[in-house]
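J.: Positions in the sequence shown are counted from 1; adding 92 to them yields this note's numbering. Handing you this structure, nothing more for now.
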Amino acid sequence: MFVLGVNDCFHDNSAALVCDGELVCSIEDERLDRIKHTAGICWGGEPPYGSIEWCLNEAGVKPDQIDAVAYSVDMNAYLALEQLAKSIIFSYKKMSLKNILKLRFARKDLNAGFLQGLTYGYFVKRKRFLREMRRRFPNARFFDVKHHLAHAASAFRLSGFDRANIIVVDGLGERYSTSLYVGEGNVISAPIRQYTYTQSLGAMYKNITFYLGFGYFQEGKTMGLSAYGEFDERFANVVNVSDGEYKVDLNAIKKLGKYARYDGELLKTHKDIAMTLQTQLERIGVALAKTLYERTGYRNLCLGGGVALNCCMNSAILNSPYVDHIYVQPAAMDNGTALGAAMEGYARLGFESKSHMSHVYWGPEFENDEIEAEIVRSGLPYRRSEDICRDVARLLVDQKIVGWFQGRMEIGPRALGARSILADPRSPEMKDRVNIVKSRELWRPLAPSILEERVDDWFENAYPSPFMNLNLFFKAGVKEKVPSVVHADGSARVQTVSRHTNPLYHRLISEFEKLTGVPIVLNTSFNTRGEPIVCTPAEGLRTFKVTGMDYLAIGDFIVERGG
């Protein structure tokens, strides 16, 4: 039974294909169209036809073989809003945009309706898309999966847990921004607790991120900045936490803007705001985990939604008394809802829909013949390596920055050893060198990839982190050995590398350990600022050319800089 999961509505357009309850492949539109966080229909973009076609071609499946298509949004929840949008457009059609904006900001109750009014045209576009999908997949059943349920399914149904509590936190899904569920066997419960969009933790974090001078989808910068700051009670009232509940204070967020206003320099105030906001978010995460634990007694926890990319929050939850085991969906943003919709769709067909997504390598892969042809076209000097892992380990020891392009591409926002830029973490200068290559701010941290079997030797409260979604603290006496991957507070966003899920990357790090005694390499994503991670050999070669990397290890070949 083939089920196609589709995320088409908000951002990070994507598709996923499941066969008999097992993930076959998945991809995000941004990997194909090279537009980071490709917008969905309701954000003014187009349907994810590229991702859908890639999944079909990758699996060798014809459209008439698809048994079900599952969307990661319930458009029935939007029907009332569609009618509201129509009425708003009718009321406003003779008004100038200037006057509409005045009216909007004068009357807060119009805000949501105004935004829906602006997007009314997208209802029309989406209906057209749904008609085309029914024509394209004539034998399929079609399911609408509520957005937060799709997030929940992407985490629980792929966690390997039989029973678990589930937390979904994002900006907005239909009407809700935080949802709590329980997963038992093949069933995900109705929501136990939900918070509406006015209490959105994702929106709160986004707004503070804007105040600090960062842009869309740059909440990770705020999290990174927090390590340089101190908790300040003056800023804590943006969100209040008590008795397992939280309340976002919209007025406090607006007032905070005058303190956070960015004029080209990050001050202590900015750092303290980031730390205070981060601390409050972590407290909320623990409070939500406590609420679920007290209800069920379960110590397994699954996390989904864009806020689940906050590895500091995830670790605070894991280290709380309410959680023993955690699974964070690696494609936690809307890209992962295609996975969840597909798994939930399979369950709705009446089948057991449980699996364990132990790796992220579900994207495109390229043969050596294709790779060599692209290298020849690039005109760059290259050679075939007899042992790519040994040769790259030696380059890293020689203080070279190496692009690493191997195997099937990752899904989700993290480079996890398939499309990575690698360097020697022992060099104090390497952090700045790599940040310059990436055109990143020099204060931003870089991540370590460590052999899974060595993590206990290097980190406190060690826990497997194959998707780089936990923040661990180095043990005393070892962080001095790898200064380029140690953040300001002595922590790191860690990737643990298993020989079972990525044997080539594991062997590379093992070769590096043989030469240095250190089972860690510095790892960051293979892209330049503002671009998605490279997908194809041509993109990898182009990015290699325009950055300051020294070598590119792509397939069995090592490419050098020309000239």
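Idealized CB from N, CA, C, for every residue including glycine. In this text, all values refer to a predicted model and were calculated from it rather than measured experimentally.
Rounding to the nearest angstrom, what Cα-Cα distance links valine 116 and glutamate 631 in this structure?
T.: Distance between the alpha carbons of valine 116 and glutamate 631: 24 Å.
J.: Return the first residue and the last residue of the beta strand (DSSP E) that aspartate 652 is part of.
T.: Checking the sequence shown, residue 652 turns out to be glutamate, not aspartate. Here the beta strand (DSSP E) through glutamate 652 covers 649-652.
J.: Quick check on DSSP: helix, strand or coil for leucine 534?
T.: If DSSP states are grouped into helix, strand and coil, leucine 534 belongs with coil.
J.: Taking serine 334 as the reference, which of Met367, Ile376, Asn343 has the closest Cα?
T.: Cα-wise, what sits closest to serine 334 is Ile376.
J.: Just tell me which of Val577, Phe94, His129, Lys347 has its CA closest to the CA of glycine 504.
T.: Ranking the options by Cα distance to glycine 504, first place goes to His129.
J.: Measure the Cβ-Cβ separation of aspartate 125 and glycine 142 and say whether it is below 8 Å.
T.: Contact flag set, yes.
J.: Tell me whether aspartate 426 sits in a helix, a strand or coil according to DSSP, three-state version.
T.: Here aspartate 426 sits in helix by DSSP.
J.: Which residues mark the beginning and the end of the beta strand (DSSP E) in which alanine 589 is found?
T.: Looking at the sequence shown, residue 589 is not alanine but valine. Run containing valine 589: 583-589, per the beta strand (DSSP E) assignment.
J.: Cutting at 8 Å between CB atoms, please list the residues of its own chain near phenylalanine 327, excluding the five before and the five after it.
T.: Here the set comprises Leu348, Tyr351, Asp364, Ile365, Thr368, Leu369.
J.: Note down, one range per segment and in chain order, each alpha helix (DSSP H) of at least 4 residues found wholly within the segment 374-418.
T.: As far as the segment 374-418 is concerned, its whole alpha helix (DSSP H) runs of at least 4 residues are 403-410.
J.: Could you pull out every residue in the same chain whose Cβ sits closer than 7 Å to the Cβ of alanine 430, ignoring the five residues on either side in sequence?
T.: Gly97, Val98, Asn99, Ser106, Ala107, Ala108, Ser118, Ser164, listed in sequence order.
J.: So the candidates are Tyr643, Val261, Leu596, Gly622; which of them puts its Cα closest to the Cα of asparagine 406?
T.: Cα-wise, what sits closest to asparagine 406 is Val261.
J.: Quick check: what's the CA-CA separation for arginine 486 versus arginine 546?
T.: So the two alpha carbons sit approximately 21 Å from each other.
J.: How is lysine 446 classed by DSSP in three states: helix, strand or coil?
T.: Coil, per DSSP.
J.: Answer yes or no: do isoleucine 467 and valine 651 have a C-beta to C-beta separation smaller than 8 Å?
T.: In this structure, valine 651 lies closer than 8 Å to isoleucine 467 by Cβ.
J.: So what does DSSP say about aspartate 479, is it helix, strand or coil?
T.: Aspartate 479 falls in the coil class under three-state DSSP.
J.: Only counting the same chain, and skipping five residues up and downstream in sequence, which positions put a Cβ closer than 7 Å to that of proline 624?
T.: Same-chain partners within the cutoff: Glu122, Arg123, Arg126, Lys128.
J.: Quick one: Cα of alanine 645 to Cα of arginine 475, how far?
T.: Each residue's Cα considered, the two are about 10 Å apart.
J.: I'd like the span of the beta strand (DSSP E) that includes threonine 301, first residue to last.
T.: Run containing threonine 301: none in the beta strand (DSSP E); it sits in the alpha helix (DSSP H), 293-303.
J.: Are there three or more Cβ pairs, one per stretch, closer than 8 Å when the segment 416-433 is compared with the segment 389-396?
T.: As far as the Cβ criterion goes, the segment 416-433 touches the segment 389-396, which means the pair count is three or higher.
J.: Give the DSSP-derived three-state secondary structure of arginine 326 in the structure shown.
T.: Arginine 326 falls in the helix class under three-state DSSP.
J.: Buried or exposed: where does tyrosine 308 fall if 16 or more other Cβ atoms within 10 Å of its Cβ makes it buried?
T.: When all chains shown are included, tyrosine 308 counts as exposed.
J.: Using 8 Å as the threshold, is the segment 434-446 in touch with the segment 223-239, meaning 3 or more CB pairs across them?
T.: Result yes; three or more Cβ-Cβ pairs closer than 8 Å.
J.: Could you tell me the distance, in whole angstroms, from the CA atom of histidine 451 to the CA atom of asparagine 343?
T.: Rounded to whole angstroms, histidine 451 to asparagine 343 spans 42 Å at the Cα level.
J.: Using a 10 Å radius around the Cβ and a threshold of 16 neighbouring Cβ atoms, would you call glutamate 544 buried or exposed?
T.: With 16 or more Cβ atoms within 10 Å of its Cβ, glutamate 544 is classed as buried.
J.: Who are the Cβ neighbours of phenylalanine 102 in its own chain at under 7 Å, not counting the five residues just before and after it?
T.: Excluding positions up to five away in sequence, the list reads Gly132, Cys134, Trp135, Asp426.
J.: Using beta-carbon positions only, say whether arginine 482 and glutamate 603 come within less than 8 Å of one another.
T.: Their beta carbons are under 8 Å apart, which means arginine 482 touches glutamate 603 by this criterion.
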